[in-house]
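These notes are about the structure you will find just below.
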Amino acid sequence: MSLNLRHQDGCAVLTLDRPQALNALSFALIREIGAALDEVAGSDARALIVTGAGDKAFCAGADIKELQDRPLLEQKRGAELGQAVFAKLDRLPVASIALLNGYAFGGGLELALACNFRLAAPNAALGLPEIKLGLIPGYGGTQRLPRLIGESRALEMILTGRAVKAEEALRIGLVNRLVEPPLLDAAIAFAHEFCGYGRLAQQFAREAVQRAAAATLESGLRIEADLSTLAYRTADAEEGMRAFVEKRKPQFRDG
Ligand code: DAK
């Protein structure tokens, strides 16, 4: 196994564990990530944190040694596998946080982009260096990066392969926050900012926001009207509003 899944303080913590290869994504590791995400989906975790073993890298990208000399059809299947596994993060019942503890390059950054949030350690460096190998991103980078930081900035990163350090990543909206060691504690504290609210309301909110990218404003507003009405029908909403009126802390039960 090149992956480690454990639970801590209500969070599932998924650690890419190939530090000798800077946690590079072999196809076997991508499959393991897929299986682990299924496990997280079925667990009672309230958030997912994805990080890399060691203090040097979150993930240095696709395993370049493995990528060489493969038939085109196999390459296409590989891209589809990576895309499908990373897309599982969109459908996960809980929000996901990429804890970038060093290099986040190529497929590693694409994995982080598929998470809902990104936290950057002081030594984080984020980039899509595929162009330097004669390649272009294949695990969602050309689609998710422009949605996050805009077309022009995304193209600059993709065409130059330039790595962006933590401060710049924060400034351009590529990461949500900078975090200091102990990094996992910082990520768990971030998760706890939303973990205590009802899971259903969080799922509806994530779905409404995720669908904004593909929808016209008109159809997006309809989706929001439907999902906000559905949220209103939950026991958690009833409890939340009653607790406000009774001036007490709500007890959400995910119902
Ligand atoms: N793959 C395999 N091994 C890697 C690796 C990688 N991506 N990155 C690092 N390593 C290995 C190194 O080979 C070295 O192993 P040994 O030589 O000791 O056996 C070990 O990790 C330590 O690395 P370095 O000695 O290079 O460490 P440094 O601190 O000097 O440099 C670095 C760190 C991150 C700057 C450097 O390692 C580096 O530039 N790494 C490569 C970054 C990169 O180019 N990543 C891949 C981008 S391409 C697809 C289409 C496209 C893609 C995928 C699929 N399909 C159509 C299926 C593209 C994906 C990408 O991610």
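If you number the sequence shown the way my numbering does, the last residue is 267 and the count never jumps. Where a beta carbon is used, it is the ideal one built from N, C-alpha and C, also for glycine. Note that the structure is predicted; figures quoted are calculated from it, not measured.
Its chain contains 112, 178, 181, 187 and 190 as the residues whose beta carbon lies nearer than 6 angstroms to that of residue 132, once the 5 sequence neighbours on both sides are disregarded; these appear in chain order. The beta carbon of residue 168 is closer than 8 angstroms to those of 174 in its chain, skipping five residues each way along the sequence.
When 138, 183 and 200 are compared, the shortest CA-CA separation from residue 172 is found for 138. With a cutoff of 7 angstroms, residue 147 counts as near the ligand DAK, since its C-beta is closer than that to a heavy atom of the ligand. Annotation for residue 263: no beta strand (DSSP E) segment contains it, and DSSP assigns it neither H nor E. Taking 7 angstroms as the cut-off, the C-beta of residue 151 counts as close to a heavy atom of the ligand DAK. Residue 189 carries a strand assignment under DSSP once its states are collapsed to helix, strand and coil. In terms of Cα proximity to residue 67, the closest of 166, 39, 58 and 33 is 33.
As summarised for the segment 83-114, the continuous beta strand (DSSP E) elements at least 3 residues long and confined to that stretch are 108-112, given in chain order. Fully enclosed beta strand (DSSP E) runs of no fewer than 3 residues occupy 59-64 and 69-71 of the segment 37-73, in order along the chain.
Scanning its chain for C-beta atoms nearer than 8 angstroms, with the 5 sequence neighbours on each side dropped, one finds around residue 102 the residues 126 and 222, in chain order. Between the ligand DAK and residue 70, a heavy atom-to-CB distance of less than 7 angstroms is absent. About 22 angstroms separates the beta carbon of residue 59 from that of residue 247, a gap too long to meet the 8 angstroms contact definition. Straight through space, the alpha carbons of residue 256 and residue 129 are spaced by roughly 29 angstroms. The Cβ atoms of residue 123 and residue 98 lie closer than 8 angstroms to each other.
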